[in-house]
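**Student:**
Protein chains: 2
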Amino acid sequence: MRVLSLHQLTCFLATYEHGSLTAAADELGYAQPSVSEQVRALEKTLGVQLFRRVGRGVVATTVADTLRPHAEQVLAAVEEARRAVQRARTLQTGTIRFGMFGTARLYAGADLVADVLERHPGVRVELVGQNSSDVFEDLRRGRIEAAMIAVPGLTGEGMTVTPVARDELVYVSADPERLTSPVTAQRLARASLVMPETTWRAEDSTRIVLRQMLHETGRNPTTRIEVEDVETAVELAGRGLADTIIPRGAVDQLLPRLAPNAGFVSLRPRQYDTLAIVHRAGAVLSPAAQLMIELATARIRSIAEPVTPR
Amino acid sequence: MRVLSLHQLTCFLATYEHGSLTAAADELGYAQPSVSEQVRALEKTLGVQLFRRVGRGVVATTVADTLRPHAEQVLAAVEEARRAVQRARTLQTGTIRFGMFGTARLYAGADLVADVLERHPGVRVELVGQNSSDVFEDLRRGRIEAAMIAVPGLTGEGMTVTPVARDELVYVSADPERLTSPVTAQRLARASLVMPETTWRAEDSTRIVLRQMLHETGRNPTTRIEVEDVETAVELAGRGLADTIIPRGAVDQLLPRLAPNAGFVSLRPRQYDTLAIVHRAGAVLSPAAQLMIELATARIRSIAEPVTPR
DNA sequence: CTCACATCATAGGAGATTCCTGGGGCTCCT
DNA sequence: AGGAGCCCCAGGAATCTCCTATGATGTGAG
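Here the protein sequences come in this chain order: A and B.
Here the first sequence stands for residues 11 to 320, where the numbers follow this note's numbering.
Here the second sequence stands for residues 11 to 320, where the numbers follow this note's numbering.
1) So is B/Val-288 in contact with chain A if we call contact Cβ pairs under 8 Å?
2) Checking 8 Å against the spacing of the C-beta atoms, do B/Gln-42 and B/His-17 come in under that value?
3) Cβ closer than 9 Å: which chain B residues qualify as neighbours of A/Leu-77?
4) What residues from the stretch 118-132 of chain B come within 7 Å of chain A, judged by C-beta to C-beta, listed N to C?
5) Name the DSSP bridge partner or partners of A/Arg-176?
6) Thinking just about the alpha-carbon of each residue, which of B/Glu-128, B/Arg-63, B/Gly-65 and B/Pro-279 is nearest to the one in B/Arg-197?
7) Looking at C-alpha atoms only, which residue of B/His-130, B/Gly-29 and B/Glu-147 is the closest neighbour of B/Val-138?
8) Between B/Leu-60, B/Glu-89, B/His-28 and B/Arg-50, which lies nearest to A/Ser-15 when the distance is taken from Cα to Cα?
9) Flag A/Met-11 as yes if its beta-carbon sits less than 8 Å from any beta-carbon of chain B, otherwise no.
10) Would a C-beta distance cut-off of 8 Å place B/Ile-154 and B/Val-135 closer than the cut-off?
11) A/Arg-176 and A/Asp-262: beta carbons closer than 8 Å?
12) Quick one: what does DSSP say A/Thr-190 is sitting in, helix, strand or coil?
13) For the stretch 99-118 of chain A against the stretch 298-311 of chain A, are there 3 or more C-beta pairs whose distance is under 8 Å?
14) So B/Leu-14 contacts chain A; which residues on that side make the cut at Cβ distance below 9 Å?
15) With distance defined between alpha-carbon atoms, name the residue in A/Ala-272, A/Met-302 and A/Val-294 nearest to A/Val-180.
16) Using only the alpha-carbon positions, how far apart do B/Val-288 and B/Ala-74 sit?
17) May I have the straight-line CA-CA distance separating B/Val-237 from B/Leu-251, to the nearest angstrom?
18) Enumerate in chain order the residues of its own chain whose CB-to-CB distance from B/Met-11 is below 6 Å, with the five nearest sequence positions on each side excluded.
19) CA-CA distance, B/Gly-67 and A/Ala-156?
20) Taking the alpha carbon of A/Leu-23 as the point to measure from, which residue in A/Gly-57, A/Val-13 and A/Phe-61 has its own alpha carbon closest?
21) In whole angstroms, give me the CA-to-CA distance for A/Thr-72 and B/Phe-274.
22) Take B/Glu-304 as the anchor and find which of B/Asp-125, B/Gln-96 and B/Thr-233 has the nearest alpha-carbon.
23) Which residues in chain A have a C-beta closer than 9 Å to the C-beta of B/Ile-235? List them in chain order.
24) How big is the Cα-Cα spacing for A/Pro-131 and A/Gln-102?
25) Name the residues in the stretch 247-258 of chain A whose C-beta lies less than 9 Å from a C-beta of chain B; which are they?
26) Got a sec: which bits of the stretch 48-69 of chain A sit with their beta carbon under 7 Å from any beta carbon on chain B, in order along the chain?
27) Specify, as a first and last residue, the run of the beta strand (DSSP E) that A/Gly-109 falls within.
28) Check for me: the alpha helix (DSSP H) holding B/Val-126 runs from which residue to which?
29) Is it buried or exposed for B/Ser-191, if we count other Cβ within 10 angstroms and need 16 for buried?
30) Applying a beta-carbon distance threshold of less than 7 Å, which residues of chain A neighbour B/Ala-81?
31) Using a Cβ-Cβ cut-off of 8 Å (strictly less than) and excluding sequence neighbours within five positions of B/Leu-246, which residues of its own chain qualify?
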């Protein structure tokens, strides 16, 4: 008998409109004493008489007149909230957040957003991931539900990693001399490289792949230039200022545009970035996340070399 | 676990803002499992996951982002409703409805409204009563809480009648001949009268008073002209087309303005209208009604002859 | 004027809900 | 590796909701 409730307001409105507790109870499908009790509770919590009980039926007081529009407003707001949630649930509106970093975004970012908007024109899409550790952190903290990122091997720590495709890492140079044969670890160790800063981040896949490859030579890769994004790295490689290493799938997209006179060649042995869907182990994925996973997987597999998850 | 409740929304918002069920529970003064249960119930009724339970703390989903402004809107509407009722309760805003008919309104209507507005500038005042039977019917049906009306004697039928003042009924004429001595029942029965139609309504006080007076002559009053309002009746009397009968208190207000060459004289024996506060027997009067009664009583007593209720 | 009817209030009880305490398990941080 | 923080689950007491049955009162028709 202390807090105001939606049920009380509903009973109040029905009573107000019918001028009768019995009729209100009929409409709401309750017994008359139940509605009576709710209205009385509302009067008690507000400290005001809302209806005068007068012989046959009840009559609204002026305070009830005052309350009515506000009560309607409250119930309308509740209905609106419910509708908004339902629209979000059915992906008519609302936001879909998905993690995607580096190579994956480079390949599939724009197309993926286009795919989503085609099916669900009303939604807002957020493709988060300025850098790879952010994405992983966001996954770990639960800020994003699932992501597609490049993994070196199996970086699963409470995470479920589902490989989707792999893409070969290739050596890009403007000097045809250096492209005549696959680049070995020995040559790579001596190379002067420009690498996107993001690529060299601690947990990044390419960094780990290359570090493993160079492990036998006992040297770290020599980075002459570090830049923020892959595009800049490719452009610099095109000008012959340094060489770089990018996924094979990005070659067709970047070289003609940014470094028309550069070419590429495999590493020896061939090295691969694995693109995978990652989410928290044991999580129940929302329809939105499942949709993103499905679309992102389809897109990536049409570009890079599909991998069947074991 | 089926209907959406305000409590659920409150718990949801607190949890959303703190990113933690424990912190939300602290703020709301509940134990943590209680808040947890409310949030889970909300998720169930909406059929949507609002928070991801992730290790330490919880993280809002995008659906929760969607819901939040709506939830705030609902609670704000509730607060606004509560405030509106409190303002109405303390007579800062809202409507005060009071019944007042005929003579009473003529005497005290404008002044009473002015008195109320002076004390409570925000309120709306409704002085209802186009005719006397309406007022009585409204009282009986509970549409108005209390009224000040003229009563012939004690018209109490489930009504509490509190006499406040009485006013003599006087005979008004433009012919000085007819004002030389008090008008007897005999003379009245022969007179040619103009009376406001409202005044002659079945249950009206003046009608009953005059009928009782004429009872001895065995005749009914001869009404030559019937009009709607007292003002017109007085004006016609001023032009000498007929005589009329009005309460003494109305003379000063009406004669100089509408019938400057008319005069008045008592009846013999003197007849009186009694002005009384009337409300349903056994009703608990609201502060608004008490205020109106107090102010109306003060006004009337300053104009007409006070009567102490027995 | 009286009787049948309609309406609201009250009472008591079954069932659901709310909210607590206590305990267990999982992360995160050091 | 251990402690601390946080969430979930279980069980139980208090409360609330809602019902049926019944009483009280005013209304309207005969």
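We treat Cβ as the ideally placed atom computed from N, Cα and C, and that holds for glycine.
**Tutor:** Judging by the given coordinates:
1) no
2) no
3) Close partners of A/Leu-77 in chain B (Cβ separation under 9 Å): Ala-91, Ala-94, Val-95 and Ala-98.
4) none
5) A/Thr-284 and A/Glu-315
6) B/Pro-279
7) B/Glu-147
8) B/Glu-89
9) Here the model assigns A/Met-11 a pLDDT of 49, short of 50, so the residue's position is not dependable, and the following value carries that caveat. A/Met-11 has a beta carbon lying at 8 Å or more from every beta carbon in chain B.
10) no
11) Their beta carbons are not under 8 Å apart, which means A/Arg-176 does not touch A/Asp-262 by this criterion.
12) coil
13) yes
14) Leu-16, Val-88, Ala-91 and Arg-92
15) Comparing alpha carbon positions, the residue from A/Ala-272, A/Met-302 and A/Val-294 closest to A/Val-180 is A/Ala-272.
16) 56 Å
17) 13 Å
18) Residue placement at B/Met-11 cannot be trusted, given a pLDDT of 49 that sits under 50; the coordinates are not used to answer.
19) 18 Å
20) A/Phe-61
21) 42 Å
22) B/Asp-125
23) Here the premise fails: no neighbours, minimum Cβ distance about 38 Å.
24) 7 Å
25) none
26) Leu-56, Gly-57, Val-58, Gln-59, Arg-62, Val-64 and Val-69
27) Segment 105-110, the beta strand (DSSP E) holding A/Gly-109.
28) 113-129
29) exposed
30) Ala-91
31) Val-204, Ile-235, Val-237, Ala-252 and Thr-254
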